[in-house]
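Here full-length UniProt numbering is used: position 73 in the sequence shown is 73, and no number is missing along the way. Every residue gets a Cβ at the ideal spot worked out from N, C-alpha and C, and that includes glycine. A short worksheet on the structure shown next.
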Amino acid sequence: MSTSIWIVIVVIAAVLGAIAGFFLARRSMESYLKKNPPISEEMMKSMMTSMGQKPSQKRLNQMMAQMKAQQNHK
């Protein structure tokens with residue numbers, strides 16, 4: 001085979017590898033974030049306490065539900 005055919009094969013393989021890597025990394029990251037949400041209930045409680053609010057369980061549940069709804073909406 002000539003050199004130009006090998007160059008085309010290498011370029012096509014690199015492009016396909018980059019595309020496959022992107023989708024694999026994206027799926028992996030979505031799975032990780034679903035299992036380990038960035039903000040937990042305890043973190044939210046400490047945030048509200050530091051802002052001078054007394055967090056009730058009802059308010060924490062509302063805020064977590066809003067965050068989950070926003071996360072699922074995207």
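Item	Value
Check whether residue 48 and residue 55 have beta carbons under 8 Å apart	yes
C-beta contact flag for residue 64 and residue 44 at 8 Å	yes
Cα-Cα separation, residue 46 to residue 53	10 Å
Complete alpha helix (DSSP H) runs within the region 24–74 (minimum length 4 residues, chain order)	41–50, 57–73
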